[in-house]
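See below for the structure under consideration.
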Amino acid sequence: MSGFAKRYSFRSGKVHDESCKSYNSRPFAIAACCVLFCLGIGLIIGFEAGRGGVESKPWQQVRLPETLLPIHYDVELQVDVTAFTVVGQVNVTLRCATPTRYVILHAAELDVVSGDGTPGVTSNDGVTVPRITSWFLYTENQYLVLELDKELTKGVVYTVSINFRGTLRDGLIGFYRSSYVNNDGQTRYLATTHMQPMGARLAFPCFDEPAFKATFTVTLVHRDGYTALANMPLENNVTRNDGWIADRFQRSVRMPTYLLAFVVSDYTSVGTVSSSGLETRIWARPEYISAGMGDYALDVADKIVAYYEEYFDVPFPLPKIDHISIPDYSIGAMENWGLITYAESLLLYDTSRKRMQEQYPGTARIVAHELAHMWFGNLVTMEWWDGTWLNEGFASYVEYLGYGYVEPDVNVMEQFAYYRCQGVLEDDSLTSSRPIFQPVNHPDESREIFDSITYSKGASILRMLGNFVGENTFRKGLKSYLERNAYSNAVQDELWEEITLAAREDGQTDLDVKTVMDTWTLQMGYPVVNLTRDYGRGTAQATQQHFLLDPTATVSAPSDFGYRWHIPLTYTTRGGSFDEPDQVWMRPDQGTSTVNLGGAGSDDWVLANIHRVGYYRVNYDPTNWRLLIDHLNSSLYEEIPPDNRGTLIDDAFNLGRASQLDLSIALDLTRYLVRERHFVPWSMAKAAMNYVETVFGSVSDIYNNWQAYMVQLISPFYNEVGWTLQQSDYNTEVGQVLAISTACTYGQTGCVNNATALFQRWMDTNNNSHIPETFKSTVYCTAIRYGGSREWDFAWQRYLEAEPSEQNLLLSAMACSRDTVILSRYLERSKDAALVRRQSAPDVISYVGGSDVGKTLAWNFLVDNWDFYMENYDETQFTMASIVSSVTKQFSAQEDLDNLEQFLKDHPNQGTATRAFSQAVDNTGANLRFRRDNESKIRAWLPGRSRGN
Ligand SMILES: *[C@@H]1O[C@H](CO)[C@@H](O)[C@H](O)[C@H]1NC(C)=O
Ligand SMILES: *[C@@H]1O[C@H](CO)[C@@H](O)[C@H](O)[C@H]1NC(C)=O
Ligand SMILES: *[C@@H]1O[C@H](CO)[C@@H](O)[C@H](O)[C@H]1NC(C)=O
Ligand SMILES: *[C@@H]1O[C@H](CO)[C@@H](O)[C@H](O)[C@H]1NC(C)=O
Ligand SMILES: *[C@@H]1O[C@H](CO)[C@@H](O)[C@H](O)[C@H]1NC(C)=O
Ligand SMILES: [Zn+2]
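Take the sequence shown: its letters are residues 1 to 949, numbered as in our numbering.
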């Protein structure tokens with residue numbers, strides 16, 4: 001369905017020009033645009049001048065020149081899975097768009113081999129073909145440059161052939177090796193790939209930018225006993241004279257390089273063919289498949305694709321989708337078109353463990369996320385990495401729809417406020433945050449863009465958009481966006497345009513989506529809305545302000561919109577509707593908006609941001625806060641839905657941190673938790689209250705009273721659910737897990753005794769089948785926390801032989817120890833890839849850094865082993881940033897701040913952790929201030945209140 005003329009059919013000076021125009025009053029953006037655009041002009045001028053004269057050095061540009069456009073690749077890779085060698089050949093057919101004497105494409109860590117006419121250029125267009133006179137690798141930009149004796153001719157189609165050798169890499173990017181130990185104790189190797197964002201160039205020479213879409217015919221040559229998989233189905237296979245098997249796959253659809261995938265393994269699969277003929281298969285180690293661990297994923301994957309075909313109303317274009325689990329994997333999963341790769345613990349599921357889905361992200365949710373990308377990202381791709389947020393934000397929103405479809409018992413949207421909003425609202429209230437649309441001037445910056453802002457803010461603002469335009473209009477706009485840009489690339493403005501058109505058609509004549517959404521995407525942060533009621537008139541005055549956790553911070557990044565937003569303010573009053581709440585628009589240029597509260601009496605509360613669909617916080621006048629507190633602290637508290645109950649506590653604590661609300665109001669709100677039985681508000685409350693622990697965890701009198709208070713809040717819930725496994729409905733099951741884990745975390749004596757007894761029985765019998773799956777993490781952590789080296793060593797031995805999801809549980813539980821000797825040894829062992837898988841070492845330091853005893857240890861360990869972490873993890877997307885943020889999260893003393901600043905002085909290059917470090921500095925400063933301002937207040941509030949019950 002790509003019969004439409006594309007406005008920007010290719011990345012070109014025109015696109016840069018366009019983006020310069022849209023952001024023309026942002027000084028840094030204009031500078032950035034001009035660098036690219038002017039360099040572009042310079043390049044063109046250079047070429048013009050170069051005709052017959054001196055040609056510039058186009059390989060010095062960080063972005064590929066647009067002189068040559070790839071059309072099709074024939075790629076053959078012969079991979080020896082055990083010797084870790086790759087021998088390859090690529091023939092890339094391309095059209096010359098601008099005459100040039102150079103063929104420049106990406107290649108890294110590959111040896112180009114000469115001979116048999118390669119590297120070489122040919123053409124079927126009947127022209128004289130220039131000869132390659134020399135070639136070189138320009139490693140600075142990861143380019144392979146082929147120099148020709150004459151210029152290629154504009155409009156002519158050429159084929160460039162390159163033979164090369166490479167290794168099956170040891171890292172987790174490009175074409176790399178992974179392994180597992182099978183039931184017979186043998187190590188089995190497999191070859192696999194991870195390309196996004198810049199890994200394809202490590203596998204074969206290619207034009208490795210998302211706008212250089214082409215078709216691919218892939219041949220994987222391997223030894224007998226292995227199965228090869230690629231994006232497309234197998235076309236044919238031949239056994240060559242030397243005994244190698246060559247599997248040739250069908251020609252792909254037009255796609256970007258970052259979505260390619262190749263796997264050669266001894267895996268087996270389970271599969272099904274849908275009524276529309278689409279084949280879905282789940283691949284894993286043979287023993288996992290025969291144990292049925294792929295069955296759940298197969299069931300949900302098959303259903304979700306069918307659901308999306310209906311939701312998007314655009315058919316899935318490939319004949320098959322494989323989902324494959326990889327033992328060594330740096331991220332959760334990757335949406336390679338037709339061959340989705342996953343971490344084992346996310347794709348594979350014991351059916352008995354199915355109910356663990358509250359443990360984000362869970363199989364159904366991650367499958368739903370990756371499948372959403374098949375349309376959003378794969379069919380229509382962002383023009384450049386600055387558009388990543390649209391891709392990821394979209395999948396992170398739509399995953400809830402797919403997940404909800406296959407798990408109808410679970411009210412998934414009710415979890416959105418917790419999983420998708422709560423964390424990012426915290427990250428995005430620091431001055432070191434960034435706009436979600438972020439210029440990516442150097443390709444290396446593309447790695448840093450995969451953060452909570454991209455995923456969770458992206459998901460939140462798209463959900464907000466879907467809500468204010470209405471679901472039908474949203475889907476209509478999406479469908480035309482997908483059809484118009486199919487097999488091509490697009491920028492966010494094109495989506496806004498399609499949704500605006502759909503809205504106009506549906507009668508929303510004065511809505512301009514771009515005007516609204518630009519305030520959410522082109523400036524960082526978000527607003528807090530102050531709602532001040534006039535109790536006599538039945539109205540409220542609403543004002544907005546950029547919400548910053550640190551009230552003393554100054555924002556240095558400029559904004560076109562002056563940090564004001566178009567806010568769809570939804571609200572209701574006691575007795576009003578939560579399904580169809582009232583809505584008013586707050587405009588950036590309005591000082592105050594008057595909100596008509598209809599029939600709200602002066603004893604009725606008002607609540608805004610219904611179901612937290614809006615990406616903002618709300619503050620009320622003290623009287624309204626009191627009305628809400630009293631209502632929650634009554635048997636009628638469930639009149640306010642769970643996500644809004646959690647949101648009230650989250651907003652109140654964060655407003656307290658920002659000195660916009662007296663902390664005692666936030667604390668008073670938590671009193672109602674003695675009644676709360678729903679895991680969403682409980683989880684949100686715990687996460688919000690966790691800040692108090694972060695800051696006061698080492699102030700022992702406060703912390704002891706705090707623990708006692710928490711035990712008092714959770715005990716009724718805990719006593720009600722007990723340890724007998726509840727198997728009624730999802731919320732009850734998850735609620736029980738939460739009650740037990742909370743009670744044990746705060747040291748409730750009964751809970752600790754029960755957990756320790758269950759663990760003891762495991763040690764005695766060497767069998768843990770008596771511990772329900774969902775209780776394991778609490779049981780393990782509690783027993784290790786209150787135990788000694790006997791418990792820890794036992795857990796370590798079990799870890800070494802466990803399957804992946806059990807390993808993950810143990811890995812986190814072993815960090816619960818409060819013994820610094822044990823924890824140091826644990827950190828040390830995590831560096832040994834023979835003991836802890838390469839992708840899991842960052843989890844160990846993050847877990848250890850997350851506890852009050854572990855925080856200093858983990859920080860020192862990070863400093864001492866900085867080179868180890870940078871060498872191994874800087875090239876993967878989230879890892880360094882997440883290590884840094886977990887290890888520094890609890891920093892709340894002057895000494896911590898000094899340490900951080902010293903570190904930054906000593907290590908000017910922080911790679912992909914750069915932003916995480918500046919957030920850590922901000923965060924530590926804010927923690928210090930919070931402690932200073934609230935220490936005596938919280939001390940006064942705590943004992944007096946908790947003694948009462
Ligand atoms: C590349 O082209 C050459 C010459 O036509 C051919 O012999 C070779 O098999 C091609 N390689 C691939 C991978 O298709
Ligand atoms: C070739 O493909 C067919 C069909 O998929 C398969 O049955 C056969 O085992 C393959 N042969 C080899 C040598 O891999
Ligand atoms: C909102 O209320 C808080 C607390 O009273 C105050 O600090 C803040 O300045 C107010 N903001 C606006 C825009 O009125
Ligand atoms: C909550 O309600 C109980 C009575 O049900 C009352 O004793 C207590 O003071 C109330 N707490 C708050 C914070 O209002
Ligand atoms: C928890 O402890 C109580 C009291 O010691 C005991 O009665 C109960 O059986 C224990 N439950 C489990 C699951 O161990
Ligand atoms: Zn994604």
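Heads up, the beta-carbon is just placed ideally off N, CA and C, and yes, glycines get one too. From a predicted model like this one, the values you see are computed outputs, not experimental measurements.
{"Query": "Rank 702, 731, 651, 686 by C-alpha distance to the C-alpha of residue 678 and give the top, closest one.", "Result": "731"}
{"Query": "Would you call the CB atoms of residue 85 and residue 123 closer than 9 Å?", "Result": "no"}
{"Query": "Look at the Cβ atom of residue 58, then the Cβ atom of residue 132, and state whether they are nearer than 9 Å.", "Result": "no"}
{"Query": "Would you say the beta carbon of residue 661 comes nearer than 8 Å to a heavy atom of ligand 3?", "Result": "yes"}
{"Query": "Okay, do the region 276 to 288 and the region 150 to 158 touch, 3+ Cβ pairs below 8 Å being the bar?", "Result": "no"}
{"Query": "Of the residues 487, 627, 546, which one's Cα is nearest the Cα of residue 604?", "Result": "627"}
{"Query": "Hey, residue 403 and residue 368: beta-carbon distance below 9 Å or not?", "Result": "yes"}
{"Query": "What are the uninterrupted segments assigned as alpha helix (DSSP H) that are 4 or more residues long and contained completely in the region 556 to 596, given in chain order?", "Result": "none"}
{"Query": "Look up residue 411 in the DSSP assignment and say whether it is helix, strand or coil.", "Result": "coil"}
{"Query": "Are residue 744 and residue 778 closer than 9 Å when you measure CB to CB?", "Result": "yes"}
{"Query": "May I ask you to report which of helix, strand or coil DSSP gives residue 135?", "Result": "strand"}
{"Query": "Quick one: is the Cβ of residue 250 within less than 8 Å of any heavy atom of ligand 1?", "Result": "no"}
{"Query": "If we count the other Cβ atoms within 10 Å of its Cβ and call it buried at 16 or more, is residue 940 buried or exposed?", "Result": "exposed"}
{"Query": "Considering only their Cβ atoms, is the gap separating residue 566 from residue 613 smaller than 9 Å?", "Result": "no"}
{"Query": "Using 8 Å for Cβ pairs, my map puts residue 912 next to residue 880. What's the rounded Cβ distance?", "Result": "5 Å"}
{"Query": "Can you have a look at residue 327 and say buried or exposed, based on whether 16 or more other CB atoms are within 10 angstroms of its CB?", "Result": "buried"}
{"Query": "How far does the beta strand (DSSP E) with residue 96 in it reach, from first residue to last?", "Result": "85 to 96"}
{"Query": "Assign residue 26 to one of two classes, buried (16 or more other C-beta atoms within 10 Å of its C-beta) or exposed (fewer than that).", "Result": "The pLDDT assigned to residue 26 is 29, lower than 50, so where the model puts this residue is not dependable, and the model offers no usable value."}
{"Query": "Kindly indicate the opening and closing residues of the beta strand (DSSP E) around residue 123.", "Result": "120 to 123"}
{"Query": "What number of angstroms, rounded off, separates the C-alpha of residue 636 from the C-alpha of residue 683?", "Result": "20 Å"}
{"Query": "Just how far apart, CA to CA, sit residue 143 and residue 262?", "Result": "22 Å"}
{"Query": "Give, in chain order, every unbroken run of the beta strand (DSSP E) that is at least 3 residues long and sits entirely within the region 830 to 891.", "Result": "none"}
{"Query": "Look at the Cβ atom of residue 259, then the Cβ atom of residue 304, and state whether they are nearer than 9 Å.", "Result": "no"}
{"Query": "Examine the Cβ distances between the region 892 to 900 and the region 640 to 655 and report whether three or more of them are shorter than 8 Å.", "Result": "no"}
{"Query": "What residue from 817, 816, 795, 818 has the CA that sits closest to residue 807's CA?", "Result": "795"}
{"Query": "Buried or exposed for residue 373, please, with buried defined as at least 16 other CB atoms from any protein chain shown within 10 angstroms of its CB.", "Result": "buried"}
{"Query": "Quick one: is residue 54 buried, meaning 16 or more other Cβ sit within 10 Å of its Cβ, or exposed?", "Result": "Note that residue 54 scores a pLDDT of 36, beneath 50, so its modelled location is shaky and nothing firm can be said."}
{"Query": "What residues in its chain sit with their C-beta under 6 Å from that of residue 248, if we drop five residues either side in the sequence?", "Result": "219, 235, 236"}
{"Query": "Thinking residue 337 and residue 391 are a contact (beta carbons under 8 Å), I'd like their distance in whole angstroms, please.", "Result": "Residue 337 to residue 391, Cβ: 13 Å. No contact."}
{"Query": "Could you give the residue range of the alpha helix (DSSP H) that holds residue 696?", "Result": "679 to 696"}
{"Query": "Would the region 918 to 938 and the region 882 to 892 be scored as touching if the rule is three or more Cβ pairs under 8 Å?", "Result": "yes"}
{"Query": "How is residue 541 classed by DSSP in three states: helix, strand or coil?", "Result": "strand"}
{"Query": "Below 9 Å between beta carbons: does that hold for residue 106 and residue 207?", "Result": "yes"}
{"Query": "Check whether the Cβ atoms of residue 672 and residue 632 sit closer than 9 Å, and answer yes or no.", "Result": "yes"}
{"Query": "Report the rounded CA-to-CA distance for residue 834 versus residue 181, giving the unit in angstroms.", "Result": "12 Å"}
{"Query": "Would you call residue 273 buried or exposed, if buried means 16 or more other Cβ atoms sit within 10 Å of its Cβ?", "Result": "exposed"}
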